[in-house]
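Novice: Sharing a structure with you now.
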Amino acid sequence: MARKKIALVGAGMIGGTLAHLAAMKEMGDVVLFDIAEGMPAGKALDLSQAGPVEGFDAQLKGTSDYKDIAGADVVIVTAGVPRKPGMSRDDLLEINLKVMKAVGEGIKANCPDAFVICITNPLDAMVWALREFSGLPHNKVVGMAGVLDSARFRHFLAEEFDVSMEDVTAFVLGGHGDTMVPILEYSTVAGIPVPDLIKMGWSTQEKMDAIVDRTRKGGGEIVQLLGNGSAYYAPATSAIQMAEAYLKDKKRVLPCAAHLTGQYGVDGLYVGVPIVIGANGVERIVEIDLDEKAKANFQVSVDAVKELLEACKSIDESL
Ligand code: TXD
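Heads up: the sequence shown runs through residues -12 to 306, numbered per this note's numbering.
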């Protein structure tokens, strides 16, 4: 069986980390694409030379030619410009929309059967635009945000409860932005919902509210600390989990930005919801009942995504 091919469009901080993880896990051969001259080839060479030490077999190639992504099974898109301190995700809109146009056309021409994971911000608008420009079916184009946001939530909860992260599950809905909706009722330690843990005296509602708030602002906290660029280790790991779910037909239930067609009362938008990822891409959208408060918060998040899309459409008339 031929090796799978993973194309990484954008070979910056997340792209490089994705390449490292994909090679270490022997997910397939890796193509790093970037418009920056030389840099993707340099990273590919550097990573290839980690192969003999680590003992992985993966061919890595750096390129600035879209033809090299031909036949890719998975494409992970990070191309664009990341946030600088003080910049909101939405400030990135105009620049990154143009990038999505180029990338979408590159995918359409070279690997229209791929499973495409978009990471570029502002995520919910960029994944929508990438789907439009690429013309791929909606079930083959998803956005990565929820896995990362819920990983942040899990990390904070595990610290607060002083238990292993492995035993903490967390649930985040909505757009990838400060309006995202972490839901405590569906977040658990070994199956015990957080509200029950509060009743058991493990923590307080105030502390949980603070964790929800920190999760919402989790990306910004790292942007401030780094001073130059945004998070990349956890975002890359999160996208790799989604890629593996597809390549191995794992049917994982993961929170991702998926195209909704009426679920949660949303039609025609990409918003973060739990989905099943398997060999057919997005195989199912998991629709759960939300209480009134979560519903209202979700609506705020959906409205923020809608506003971004309107802005996209006014920038690019073709959308
Ligand atoms: O949860 C999430 N979705 C995110 C999103 C979490 C963290 C960061 N998130 C966003 O990912 C971030 O706001 C950015 O929009 C992307 C990529 O972040 P990264 O930190 O990897 O940015 P870099 O290091 O600047 O890399 C971007 C690369 C860079 O090498 C550019 O030369 C390249 O993109 N680039 C392009 N590549 C191909 N084609 C075009 N047109 C292009 N334009 C820039």
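Ideal Cβ positions, reconstructed from N, Cα and C, are used throughout, including at glycine. Fair warning: this is a prediction, and the values are worked out from it, not measured in the lab.
What would DSSP say about LEU19, mapped onto helix, strand or coil?
Specialist: strand
Novice: Can we count GLY268 as close to ligand 1, meaning its CB is less than 8 Å from some heavy atom?
Specialist: no
Novice: If you drop the 5 nearest sequence neighbours on each side, which residues of the same chain put their C-beta closer than 6 Å to that of GLU102?
Specialist: Glu is not the amino acid found at residue 102; the sequence shown has Phe there. Answer for PHE102: VAL61, LYS127, TYR233, GLY268, listed in chain order.
Novice: CB-CB under 8 Å to PRO124, same chain, minus the five flanking residues each way: which ones, in chain order?
Specialist: The answer, listed in chain order, is GLY268.
Novice: In terms of residues, what are the limits of the beta strand (DSSP E) holding CYS243?
Specialist: 239 to 248
Novice: Have a look at GLN228 and TYR257 and give me their C-alpha separation to the nearest angstrom.
Specialist: Cα to Cα, the separation comes out at about 20 Å.
Novice: Please list, in chain order, all residues of the same chain as PHE158 whose beta carbon is under 6 Å from its beta carbon, the five residues on each side excluded.
Specialist: Counting only Cβ-Cβ distances below 6 Å, and skipping sequence neighbours, we find ILE170, TYR173, SER174.
Novice: Between ILE262 and the rest of its own chain, which residues show a CB-CB distance below 6 Å, the 5 nearest in sequence each way excluded?
Specialist: CYS243, ALA245, VAL269, ILE272
Novice: In this structure, does DSSP put PRO99 in helix, strand or coil?
Specialist: coil
Novice: Would you mind sorting LYS282 into buried or exposed? The rule is 16 or more other CB atoms within 10 Å of its CB.
Specialist: exposed
Novice: Just list the residues that DSSP pairs TYR257 with in beta bridges.
Specialist: Per DSSP, HIS246.
Novice: With a Cβ-Cβ cutoff of 9 Å, do VAL292 and GLY162 count as a contact?
Specialist: yes
Novice: Which same chain residues end up closer than 8 Å to ALA59 when comparing Cβ atoms and leaving out the 5 residues on each side of it in sequence?
Specialist: LYS(-8), ILE(-7), ALA(-6), VAL18, ASN97, CYS98, ALA101
Novice: Just to confirm, does VAL86 get its C-beta within under 8 Å of one of the non-hydrogen atoms of ligand 1?
Specialist: yes
Novice: Is there at least one non-hydrogen atom of ligand 1 closer than 8 Å to the beta-carbon of ILE106?
Specialist: yes
Novice: In angstroms with no decimal places, state the Cα-to-Cα distance between GLY73 and ILE106.
Specialist: 20 Å
Novice: Would ALA313 pass as a contact of LEU295 if the rule is Cβ separation under 9 Å?
Specialist: What is shown of the chain runs -12 to 306, which leaves residue 313 out entirely.
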